[in-house]
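Participant: Residue 62 is where the sequence shown starts when you use the working numbering, and the numbers rise one by one after that.
We put the beta carbon where it would ideally sit given N, CA and C, even for glycine.
From a predicted model like this one, the values you see are computed outputs, not experimental measurements.
Please find one structure pasted underneath; my questions will follow.
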Amino acid sequence: MFKNYFKISLRSLSKNKAFTFINLLGLTIGLSSCMLIGLYIFHELSYDSMQQNGDRIARVIMEYKFDGGGESNKGNFTSVKVAPVFKRTFPEVVDAVRLYGMLSSKIAVSYNDKSFAEKNFLYADPSFFKIFSFKMLRGDAATVLNAPHKIVITQTTARRYFGDADPIGKSLKVSNDTSLYQVSGLMQDCPSNSQIKFDMLASFSSLGITDEESSYWNANYTTYLLLKNPSSFESLQSKIGPFMQREMNGKGASVNFSLEPYKSVHLHSPFPGFEPNNNIRYIYILEAVSLLILVIACFTYINLNTARSMERAKEVGVRKVIGADKMQLFWQFISESAFMCMVAIIISVFVAIVALPAFNQLTDRQLTVSTLFTFPFITGVVVVMIGVSFFAGFYPALVLTGFQPVKVLKGSFKNTGSGQFTRKALIVFQFSVSVLLIASTFIIQKQLNFIRNKDLGYNRDRLLVLPFSYSLNDKVDLIKNELKADKDIVSVSRCVNTPVNIVGGYNMRNDAMPENEQLAVTANPVDEDYIKTTGLHILVGADFTRQDVEDIKDDNQTKNIYHFIINESAAKALGWTAQQAVGKKMYLDATRPGFVKAVIKDFNFQSLHNTIKPLVLFTEPRGRNLLVKISGKHIRQTIAGIQGKLKAIMPQMPFEYSFMDADFDKLYKAELRLGDALNVFAAIAIALACMGLFGLSSYIARQRVKEIGIRKVLGASIFDITTALSASFIRLIIVSLIIALPLAWYTTHAWLQDFAYRIKPNIWLFAGTAAAVTLIALITVSFQSVRAAMVNPVKSLKNE
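Spelled out as structure tokens, the structure:
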């Protein structure tokens, strides 16, 4: 029986090659798109699945507010005190680990004549390998980090420094540390779906931190707790609040900590780990897009097969007369759908493999072909194949098996109104989805363009960012003078944070406020060239000078008099206007007394997801970034010149750089990925919808060939005939627009609420979408309509 089904299916598909091609192409595009999106979603949902203790690990989030007022601050930072105190105080905590490392920082590491700027360099307590499940290849996991200047490296890192030689026991020079680091362990590379990624992991004691439990401030570290069991989260959280109230009583500030389940950080936390987070809402969006694309492909199949019902009516009638029952015919047409789907899936696998490198570039992931052949993924593909086969084949099979053989063979059978209504409804659905995706893509791209082109209050064009070592502070003047000797270098500045993302947490107060009242503020140590290099705008006052830097070089910090440049928001928070602020005394923390030298215009020093908050710039002889403003006239030669000069002055520091506008784009990595993905899949959706429309209009034109011939004989022009054939389709497109545009406005409005600074979607965006979709549909239908209208009416009517 199945052999017979296969033969009939093959005969039917080969008989109608054009429709078979359109159906196969539509299903292949839909299925391959779903496979690629499925690979990405599978990867994102599997984040940290390798961690055996994953459901017992908590990341500690700090929230603090000073008694002086202002907003509370919250982030994925803690002091070094939290881990030992929580482990000692709360029975729910089995162990704790502190990590230190910054996404934006690079550390110079060298071995003999090899030197690299390591971005993924972390420090961790000895308990790290007890809490986290990273596979150790060489070395004892319990002792590899139990003393200062021990370091664990990954396989790839070991090959980069030592080739095929055994790395254990080798010594590495790290930054300006006078002691060499001994390689004590070798581990597998961190998986791509791990939120903690590193190439080098040094012992936390190497940082030389003393008096670890003196304060909950100096919160520059990340703390993870290993709890007794997953149910310990709730009981521990309920104890932390009262405990911290007792700890902070009378200290002029409130500090509290909340717990984040480790496995939820990557998709659910607003605070990144040691790599940028994704967003669960974007996963839902891509899931919906993949499902809608697949449904569009299925609807194209349904539409074309029900439209062909007239051609297959006689086949069904003859088979019923010679004894075929309804179920046999039903399963015949379902098997035809399954055969088509199976062929489409086989082709889709090859398409997905070929497209995977481009898709990896689009999503900024390293997805592998091997995932396509894992049991869970194969199971998912089989389920989709069965579902699509039945979904796409059920309605056509039901329509075709319902024909009455007497009417069919007498020639009195006609397509029913219900069948036409169903086809029209499917077209409306397909184009509604396409309009939704296109309108959403327009809004997202406009918001991303707004982000890229918004006047942020500083100039990031032609501005190079180079990692800088604290050990080179004494050479900074030499470096700046050497670089500025090049006529294509406009200015050079050293700083801790670039204006793209300033994250340093401090407290401040004016001279009239009591010492126990403080305001939370973001602050950034800079030098005298920071303002002119970054293009910040001074409203009132004067820029920093070289003397301002010299004034705070005294080793006894309490004798230093600081100079501050604050933004408008900081002046307002301290109770001053911009004009009043200049010359006023203020304190940055308790150890930095000084005077306001200038007020700068508010600028976006963090992501546009956040509002502008108070900011203080102050001079201090330290920094981890070197900013180089270039003219842009001879970019390659200028960068080569910078490399040569820096190599001569600091040979131990690898030369690496980035452009500040590229660093700015990294703040919106998830949004940029979503925008790029929607561009591609919206195009796929509209292409699939147009394929279905093309096939359907082609079939209808063939059905109406005699009507067209009569119209031409009676004097109708090609334009009249094309308009008559296209009108019904355009009406369906208009219905699609009426359904989809309000839905597009609602969904994009909700997405835009995540941004403190955002566009206001206007009617022209949606009108442009409507015009674009209508034009595409009109071109698709008109092609077949014009072709049918140009047929010689003599050929159309010669059999009448």
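Helix, strand or coil for HIS104? Go by DSSP, reduced to three states.
Facilitator: In this structure, HIS104 counts as helix in the three-state DSSP scheme.
Participant: In angstroms, rounded to a whole number, what distance separates the CA positions of THR81 and SER450?
Facilitator: Near 15 Å, if we compare the C-alpha coordinates of SER450 and THR81.
Participant: Run through the segment 705-775 for me and flag every whole alpha helix (DSSP H) of 4 or more residues, listed as ranges in chain order.
Facilitator: 721-727, 730-764 and 766-774
Participant: Answer yes if the segment 653-660 comes into contact with the segment 786-803, meaning at least three C-beta pairs across the two stretches below 8 Å, and no otherwise.
Facilitator: no
Participant: Let me know the beta strand (DSSP E) ranges lying completely inside the segment 763-834, each 3 residues or longer, listed in chain order.
Facilitator: none
Participant: Please name the residue in LEU206, ASP737 and ALA169 whose C-alpha comes closest to that of SER236.
Facilitator: ALA169
Participant: Looking at the unbroken beta strand (DSSP E) that takes in PRO654, where does it start and where does it end?
Facilitator: 653-661
Participant: Determine the contact status of SER787 and SER843, defining contact as a CB-CB distance below 7 Å.
Facilitator: yes
Participant: Assign ASN686 to one of two classes, buried (16 or more other C-beta atoms within 10 Å of its C-beta) or exposed (fewer than that).
Facilitator: Classification of ASN686: buried, given that the 10 Å Cβ count is 16 or more.
Participant: Could you tell me the alpha carbon to alpha carbon distance between HIS329 and ALA811, rounded to whole angstroms?
Facilitator: 17 Å
Participant: Please give the ranges of any beta strand (DSSP E) in the segment 594-631, keeping only runs that are unbroken, at least 3 residues long and fully inside the region.
Facilitator: 599-602 and 623-628
Participant: My assumption, with CB atoms under 8 Å, is that GLN320 sits in contact with LEU297. Please give the rounded CB distance.
Facilitator: What sits at residue 320 in the sequence shown is Leu, not Gln. About 7 Å; that satisfies the 8 Å criterion.
Participant: With a threshold of 7 Å on Cβ separation, who are the neighbours of SER501 within its own chain once the five nearest residues in sequence on each side are excluded?
Facilitator: LEU739, ALA805, THR808 and THR809
Participant: For the putative contact between ILE212 and GLN243, defined by C-beta atoms under 8 Å, what is the C-beta separation to the nearest angstrom?
Facilitator: Confirmed, about 7 Å.
Participant: For TYR623 and THR680, what's the separation of their Cα atoms in angstroms?
Facilitator: It is roughly 7 Å from the alpha-carbon of TYR623 to the alpha-carbon of THR680.
Participant: Run through the segment 255-324 for me and flag every whole beta strand (DSSP E) of 3 or more residues, listed as ranges in chain order.
Facilitator: 261-264, 283-288 and 314-322
Participant: Alpha carbons only, please: which of ILE257, GLU308 and ASN290 is nearest the one belonging to THR284?
Facilitator: ILE257
Participant: With DSSP run on the structure shown, which of helix, strand or coil describes ARG523?
Facilitator: coil
Participant: Who are the Cβ neighbours of VAL316 in its own chain at under 8 Å, not counting the five residues just before and after it?
Facilitator: MET123, GLU124, TYR125, TYR277, MET305, GLU308 and MET309
Participant: In three-state terms, what does DSSP make of GLU543?
Facilitator: In this structure, GLU543 counts as helix in the three-state DSSP scheme.
Participant: Taking PRO209 and SER275 to be in contact with their CB atoms under 8 Å, please state how far apart those CB atoms are, rounded to whole angstroms.
Facilitator: Not confirmed; about 20 Å, so no contact.
Participant: Thinking C-alpha only, which one of SER495, LEU735, ALA603 and PHE511 is nearest ALA817?
Facilitator: PHE511
Participant: Assuming GLU629 contacts VAL660 under a Cβ cut-off of 8 Å, what Cβ separation, rounded to an integer in Å, is found between them?
Facilitator: 6 Å
Participant: For PHE664 and LEU597, what's the separation of their Cα atoms in angstroms?
Facilitator: 8 Å
Participant: Can you tell me whether VAL141 is helix, strand or coil according to DSSP?
Facilitator: coil
Participant: Opposite MET197 in the DSSP bridges: which residues?
Facilitator: MET248
Participant: CB-CB under 8 Å to LYS730, same chain, minus the five flanking residues each way: which ones, in chain order?
Facilitator: PRO337 and ASP425
Participant: Going by DSSP in three states, GLN243 sits in which element: helix, strand or coil?
Facilitator: It is a strand residue.
Participant: At which residues does the alpha helix (DSSP H) containing LEU328 begin and terminate?
Facilitator: 326-329
Participant: Taking the CB atoms as reference points, tell me whether ILE118 and LEU287 lie closer together than 7 Å.
Facilitator: yes
Participant: Looking at the C-beta of ASN281, does it have a partner C-beta in chain C at a distance below 7 Å?
Facilitator: Protein chain content of the structure displayed is limited to a single chain, and chain C is not contained in it.
Participant: If you drop the 5 nearest sequence neighbours on each side, which residues of the same chain put their C-beta closer than 8 Å to that of LEU498?
Facilitator: VAL350, LEU353, LEU739, PHE742, ALA743, ALA746 and ILE747
Participant: Give me whichever residues DSSP pairs with ASN571 in a beta bridge.
Facilitator: MET647
Participant: Applying the criterion that 16 or more other CB atoms from any shown protein chain within 10 Å of the CB defines a buried residue, is SER473 buried or exposed?
Facilitator: Because SER473 carries a pLDDT of 48, less than 50, the predicted location of this residue cannot be relied on, and no value is offered for it.
Participant: By Cβ distance below 7 Å, which residues in the same chain neighbour LYS708 in space, the five residues on each side in sequence not counted?
Facilitator: PHE716
Participant: Tell me whether LEU687 sits in a helix, a strand or coil according to DSSP, three-state version.
Facilitator: LEU687 falls in the strand class under three-state DSSP.
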